Amino acid sequence: MSDRSGVDRERADGTEGGEGGEEGGSDLAARRGLDEAVVYQPAEDSGLLAEAAVEAAHGRVLEVGTGSGWVAERIAADRGLDVVGSDLNPHAARQARDRGVEAVVADLLAPFRADAFDTVCFNPPYLPTDPDNEWDDWMEHALSGGESGRELIEPFLADVGRVLAPEGVVLLLVSSLTGYDAVLELIEASGFDHEVVVEDSFPFETLTVLRLNRGSGPASP
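Counting from 1, position 186 in the sequence shown corresponds to residue 186 in the UniProt record's numbering; the numbering is continuous, with no gaps.
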């Protein structure tokens, strides 16, 4: 069974929608202060993904790792599209809902049904991180891509084809810190073609948003 968010409730675990909206104003303000301390807030990478999505998204949209919900909100406002946000962090899902985004708590794509979305956007945690120096908290989960920087990109690419409609596209943000060529190899091995939508360079990295389309290349088993 699935609902309008594209969630397969038989696969979902704790992904039910909003938590009762009965708080008073002071409680809501305190909650927002807590959430902002543990939720990734919009930065240069967010702006680049939003720019690409406003240009290239179509149909029903999923933003994986929505964080504060800012990108999802931009897509809905600027394009008038139906957007769902997901995040492993319950504080992030709650903050996205405060922005008016339909958001669920989810581990990547796990609870979503097959062929549910025409566009899937993802700004993955991509900072290469020494496991001995990782902090076990929500902000670390939002930033760390493991030792290679690709720890979340690999499982995402392995599963995104399942939730993507036949003519769907993926918008994936890639940092040069993760090994750009290595990410392209993963994309091609997952059966997608790729093209650059938008790119920008900063002092310590280059950020690129790629559009992925189902291709004729090999798919991962």
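Glycine included, each C-beta is placed from N, C-alpha and C at the ideal position.
These figures come from a predicted structure and were not determined experimentally.
- One alpha carbon belongs to residue 189, the other to residue 214, and they sit about 11 angstroms apart.
- Unbroken alpha helix (DSSP H) stretches of 4 residues or longer found wholly inside the segment 148-187: 153-163, given in chain order.
- Residue 47 carries a helical assignment under DSSP once its states are collapsed to helix, strand and coil.
- Residue 86 is a Cβ neighbour of residue 62, given a cutoff of 8 angstroms.
- Beta-carbon to beta-carbon, residue 69 and residue 96 are separated by about 3 angstroms, close enough to satisfy the 8 angstroms threshold.
- The beta carbons of residue 174 and residue 183 sit closer together than 8 angstroms.
- Boundaries of the beta strand (DSSP E) harbouring residue 103: 102-105, taken from the DSSP string.
- Following the DSSP letters along the chain, one finds residue 82 in no beta strand (DSSP E), marked with neither H nor E.
- Counted as a single uninterrupted DSSP element, the stretch harbouring residue 91 is not any beta strand (DSSP E) but the alpha helix (DSSP H) occupying residues 90-98.
- Bounds of the beta strand (DSSP E) holding residue 206 are 205-214.
- Residue 194 and residue 94 have their alpha carbons spaced roughly 33 angstroms apart.
- Per the coordinates, the alpha-carbon of residue 88 lies some 14 angstroms from the alpha-carbon of residue 102.
- Bounds of the beta strand (DSSP E) holding residue 61 are 61-64.
- Under DSSP, residue 193 shares a beta bridge with 213.
- In the DSSP secondary-structure assignment, residue 68 is not bridged to any residue.
- DSSP places residue 54 in the helix class (H, G or I) of the three-state scheme.
- By alpha-carbon distance to residue 121, the top candidate from 181, 185 and 71 is 71.
- Residue 77 counts as exposed, since fewer than 16 other beta carbons sit within 10 angstroms of its beta carbon.
- Collapsing the DSSP output to three states places residue 38 in a helix.
- By the neighbour-count criterion, in which 16 or more other beta carbons inside 10 Å mark a residue as buried, residue 43 falls on the exposed side.
- Using a Cβ distance threshold of 8 angstroms, residue 124 and residue 152 count as a contacting pair.
- Within the model, the alpha-carbon separation for residue 208 versus residue 170 is close to 13 angstroms.
- Non-local C-beta neighbours of residue 157 in its own chain, meaning closer than 7 angstroms and more than five positions away in sequence, comprise 186, 187 and 190, ordered along the chain.
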